[in-house]
Amino acid sequence: MKKISSMAWVAGLALAAGTAHADTGKLLLTGGVNTIAGSAGGGLTPWAVIGTNATEGEVGFSGYATRAATQDYSLNGYGVAVGLHDRVELSLARQDFDASPAIALNGIAPFGVTPGQHIKMDVVGIKVKVLGDAVLDADTWVPQVAVGIEHKRTRPGSIGSVLDFLGTKRSGTDVYVSATKLLLDKSLLLNGTLRYTNANQNGLLGFGSAAPGKNGRSLQPEFSVAYLINKNLAVGAEYRFKPNNLQALGAAAGLGTALREDDWKDIFIAWAPSKNLSFTLAYVDLGRIVPGITNDRRQTGYYLSAQLAF
Amino acid sequence: MKHTLIALIVATCGLLAVPAMAQAPAAAAMPAAPAGLYQALGEKPGITRLMDDFVNRVVKDPRIGSHFKDTKPAALKESLTDQVCQLSGGPCKYEGADMKSAHADMDINKGHFNALVEVLQVSMDAQGIPFAQQNRLLALLAPMHRDVITVR
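Residue numbers (this note's numbering), protein chains in the order written: chain R, 74 to 383; chain L, 231 to 382.
Here it is in structure tokens:
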């Protein structure tokens with residue numbers, strides 16, 4: 074069923090490409106790649122750039138597929154985005170997180186988690202450029218600034234009983250502001266994002282928590298830096314602070330740091346052999362994800378993404 | 231209005247050597263003419279070759295070639311060579327029109343501007359200019375988008 078829908082997306086994209094206004098409006102790599110939530114940016118963090126190849130006066134489309142795998146978990150993601158006049162970006166993303174280790178939670182309480190349970194999450198994103206030009210305003214320190222929201226809806230299957238116990242909601246909306254600047258004379262891109270969120274593990278473990286003072290949204294900063302090696306190749310790193318709303322709850326239940334959430338970070342290389350195609354390979358460190366059932370292991374591994382853009 | 235612009239051309243030429251100061255909106259300006267750029271471009275002979283190649287490509291480009299149909303290529307090459315030479319720290323003096331009046335009568339949008347940057351990148355690649363140096367030149371030219379783009 075999943076195979077058919079991804080083929081349908083590719084076919085849809087090909088159709089869209091035929092009707093898209095221009096396929097090469099932006100300079101290479103200046104639309105960013107896709108975050109795991111579908112917005113344009115680095116792999117983990119949205120940037121102020123508006124995605125797709127569309128520049129002013131144009132409409133563009135992009136689609137991506139991503140896979141990340143660490144010691145105990147894996148994530149498949151795919152999505153599409155529309156870029157309007159280099160001003161507005163609309164994105165739709167779906168994540169499929171293999172949370173098989175969660176079956177061990179049945180040992181704590183009769184949660185009824187079934188074997189091989191996946192957590193699915195859908196994200197609808199809107200981003201609006203507010204001011205600036207990240208690439209061309211090379212004679213000023215003023216960055217390109219955008220504001221965005223990511224509305225996320227989690228479908229945890231049999232892990233739902235765990236989320237109910239934790240008092241987390243099934244949906245939430247992140248609000249963020251990003252400032253991106255390409256220091257063109259240094260071939261260096263810098264991004265800072267401030268996200269207002271109560272998502273646990275980006276939303277995979279729900280939103281908020283039953284712990285007092287840990288239910289509301291908090292400000293979490295995120296940073297990216299990328300160096301352009303040549304027209305088609307960039308390397309970089311990202312760091313994303315996380316709210317860690319669930320640790321207190323686990324501690325109160327006598328589980329110590331079993332529910333601790335760590336910051337996310339990665340180092341990546343992005344290669345765009347053409348205007349329409351780009352690949353990103355990253356080494357990710359997602360820290361501890363429910364360390365109580367994964368023997369306190371840090372989740373590190375690879376992240377691979379391919380993007381088609383018009 | 232046009233008479234005022236013509237009268238300002240001489241003053242603008244002097245300002246072209248310091249594009250940062252003229253354009254920056256209330257923010258600290260980046261330094262102009264980074265050290266070593268003029269040499270990296272091959273000095274006057276190298277810049278002449280670069281602009282020669284660039285104009286040859288640009289007039290044939292399917293996206294923007296039509297914008298140049300009324301332009302004399304030889305004159306454009308000479309004008310661009312002087313501009314880039316001066317911008318990159320060379321001992322030249324550009325005495326042509328400012329970017330705003332030179333492009334005022336044309337329909338230039340962001341897509342056209344980006345296409346021109348791409349053609350320049352291809353020309354710089356063909357001349358073997360290292361990517362890092364290419365970006366240093368582009369950093370000096372990019373802010374001109376405010377005057378060159380007429381359709382927003």
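Even glycine gets a Cβ: it sits at the ideal position worked out from N, Cα and C. Just so you know, these numbers come straight off a predicted model, no measurement behind them.
Counting C-beta neighbours from all protein chains within 10 Å, is the total for residue i 16 or more, i.e. buried, or is it exposed?
i         : result
R/Glu-131 : buried
L/Glu-325 : exposed
R/Asp-145 : buried
L/Ser-353 : buried
R/Lys-225 : buried
L/Ala-304 : exposed
R/Thr-187 : exposed
L/Gln-269 : exposed
L/Asn-286 : exposed
R/Trp-214 : exposed
L/Ala-372 : buried
L/Gly-266 : exposed
L/Gly-341 : buried
L/Ile-379 : buried
L/Thr-301 : exposed
Consult DSSP for residue i and reduce its assignment to one of helix, strand or coil.
i         : result
R/Thr-51  : Absent from the model: residue 51 of chain R. The displayed extent of chain R is 74 to 383, so no value can be given.
L/Met-329 : helix
L/Tyr-268 : helix
R/Pro-364 : helix
R/Leu-332 : coil
R/Asp-358 : strand
R/Lys-99  : coil
R/Asn-264 : strand
R/Leu-163 : strand
R/Leu-148 : strand
L/Thr-311 : helix
R/Ser-282 : coil
So with Cβ pairs under 8 Å, would you call residue i a contact of chain R?
i         : result
L/Lys-340 : yes
L/Val-288 : no
L/Phe-361 : yes
L/Glu-308 : no
L/Pro-255 : Its pLDDT being 45, under 50, L/Pro-255 is placed unreliably by the model, and nothing is read from it.
L/Gln-269 : no
L/Val-314 : no
L/Val-378 : no
May I ask which residues mark the beginning and end of the alpha helix (DSSP H) holding residue i?
i         : result
L/Ile-277 : 273-288
L/Lys-323 : Neither: L/Lys-323 is in no alpha helix (DSSP H) and is coded neither H nor E.
R/Asp-237 : 233-239
L/Phe-298 : Per DSSP, L/Phe-298 belongs to no alpha helix (DSSP H) and is neither H nor E.
R/Ala-325 : 320-325
L/Asp-355 : 340-356
L/Arg-376 : 375-378
R/Phe-314 : Element bounds for R/Phe-314: n/a, residue is neither H nor E.
Can you tell me which of the options puts its alpha carbon nearest to the alpha carbon of residue i?
i         : options                                       : result
R/Gly-116 : R/Ala-175, R/Asp-247, R/Leu-359 and R/Ala-283 : R/Leu-359
L/His-297 : L/Asp-328, L/Ala-332 and L/Gly-319            : L/Ala-332
R/Arg-167 : R/Gly-156, R/Pro-364 and R/Thr-139            : R/Thr-139
L/Leu-271 : L/Asp-300, L/Asp-328 and L/Gly-358            : L/Gly-358
L/Val-347 : L/Lys-274, L/Val-381 and L/Asp-291            : L/Asp-291
L/Asp-377 : L/Phe-343, L/Leu-368 and L/Arg-366            : L/Phe-343
R/Asp-210 : R/Arg-313, R/Val-220 and R/Asp-258            : R/Asp-258
R/Ala-219 : R/Pro-229, R/Gln-380 and R/Gly-198            : R/Gly-198
R/Leu-322 : R/Thr-128, R/Phe-238, R/Ser-135 and R/Gly-156 : R/Phe-238
L/Val-381 : L/Lys-330, L/Ala-362 and L/Phe-284            : L/Lys-330
R/Pro-285 : R/Ala-272, R/Gly-240, R/Leu-255 and R/Gly-329 : R/Gly-240
R/Lys-99  : R/His-158, R/Ile-109 and R/Ala-110            : R/His-158
R/Trp-344 : R/Leu-178, R/Tyr-312 and R/Ala-299            : R/Ala-299
R/Gly-245 : R/Ser-231, R/Glu-223 and R/Ser-251            : R/Glu-223
R/Gly-221 : R/Pro-364, R/Thr-118 and R/Asp-195            : R/Thr-118
R/Ser-164 : R/Ala-121, R/Gly-136, R/Gly-233 and R/Thr-227 : R/Gly-136
R/Asn-264 : R/Gln-274, R/Ser-251 and R/Ser-234            : R/Ser-251
Less than 8 Å between CB atoms is the rule here; does residue i satisfy it with respect to chain L?
i         : result
R/Lys-99  : yes
R/Ala-87  : Unreliable positioning characterises R/Ala-87 in this predicted model, as indicated by a pLDDT of 46, which lies under 50. A coordinate reading is not provided.
R/Thr-128 : yes
R/Ala-113 : no
R/Asn-264 : no
R/Asp-171 : no
R/Val-197 : no
R/Lys-202 : no
R/Lys-254 : no
Mind checking which residues open and close the beta strand (DSSP E) that includes residue i?
i         : result
R/Met-194 : 191-204
R/Glu-223 : 217-228
R/Asn-303 : 291-303
R/Ala-142 : 132-142
R/Ala-345 : 337-347
L/Ala-369 : No beta strand (DSSP E) holds L/Ala-369; the alpha helix (DSSP H) holding it covers 361-371.
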